[in-house]
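**Q** Right, I'll just put the structure down here and ask away after.
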Amino acid sequence: MPLQRVQLFLAQYPDLKVILFDSCTHTSEMAAATLGVAVGQIAKTLVFIADGNPLLIVTCGDKRVDSKKMAKALNVRKVKFANAETVQEVTGFAPGGVSPIGLLNVIPIYLDISLFQYQTVYTAAGTANSSLPVDPKQLLTITSGTVIDVC
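Numbered according to this note's numbering, the sequence shown spans residues 12 to 162.
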């Protein structure tokens, strides 16, 4: 069902098409190798808990989120990675396949500024063997996201 939720959302954007793979691409490195692109073009979607509230950070596959920088940017005191159970519960996706679209719940979505150095980035599309190529500017629009600098 996760892939179908993403595809249902994408029905309103006929220019966007999900790519399916025969093998698992649940890490940025695996996805980049499969797609033949730079690791930075893999837009990894991470779930964090900030002062008790879930949120998504989408950033380049070769970047690490700085939790102190994130806490300051969001004006919160405590930031931590969500555990696998929380990720599944909040997004409806398993870790490794978390997509910033087709979410089960409405939660804040932040796109790290690093994504915008690329014309095309590749997000997971709900499974560990799917990807969605998209212009970061269009991703910002379709997710109703906010640009942030947390890496």
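Each residue gets a CB set at the ideal place from its N, CA and C atoms; glycine is no exception.
All figures in this text were calculated on a predicted structure; none of them were measured in a lab.
For Leu66 and Leu46, I'd like the C-alpha separation in whole angstroms.
**A** C-alpha of Leu66 to C-alpha of Leu46: approximately 27 Å in a straight line.
**Q** Between which two residues does the beta strand (DSSP E) holding Ile60 run?
**A** Taken as a continuous stretch (DSSP letters only), the beta strand (DSSP E) holding Ile60 covers Ile53 to Ala61.
**Q** Could you check where the alpha helix (DSSP H) with Ala43 kicks off and where it finishes?
**A** Taken as a continuous stretch (DSSP letters only), the alpha helix (DSSP H) holding Ala43 covers Ser39 to Leu46.
**Q** Buried or exposed: where does Ala95 fall if 16 or more other Cβ atoms within 10 Å of its Cβ makes it buried?
**A** By the neighbour-count rule (16 or more Cβ atoms within 10 Å), Ala95 is not buried but exposed.
**Q** Considering only the alpha carbon of each residue, which of Ala139, Thr157 and Val132 lies closest to Asp33?
**A** Ala139
**Q** Please look up how many angstroms separate the CB atoms of Ser155 and Thr134, rounded, as I've assumed it's under 8 Å.
**A** Between Ser155 and Thr134 a beta carbon distance of about 15 Å is seen, past the 8 Å cut, so the two are scored as non-contacting.
**Q** Could you tell me how far apart the beta carbons of Val29 and Lys80 are, in whole angstroms, since I believe they sit closer than 8 Å?
**A** About 32 Å separates the two Cβ atoms, so there is no contact after all.
**Q** Here's a check: name, in chain order, each residue in its chain whose Cβ is nearer than 8 Å to the Cβ of Pro13, leaving out the five neighbours to either side.
**A** Gly103, Phe104, Ala105, Gly108, Ser110, Gly113, Gly137 and Thr138
**Q** My output table needs one value for Lys91: the three-state DSSP class, helix, strand or coil.
**A** Strand.
**Q** Output needed for Leu27: all residues of its chain with C-beta closer than 7 Å, excluding positions within five of it in sequence on either side, in chain order.
**A** Leu21, Leu143 and Val145
**Q** Could you check if Asp123 is buried or exposed, using at least 16 other CB atoms within 10 Å of its CB as the buried criterion?
**A** buried
**Q** Which of the three DSSP states, helix, strand or coil, is assigned to Pro142?
**A** For the sequence presented, residue 142 should be read as Ser rather than Pro. Looking at Ser142 - three-state DSSP - the assignment turns out to be strand.
**Q** Output the boundary residues of the alpha helix (DSSP H) element that contains Ile159.
**A** In the DSSP annotation of this structure, Ile159 is not part of any alpha helix (DSSP H); the continuous beta strand (DSSP E) holding it starts and ends at Thr157 to Ile159.
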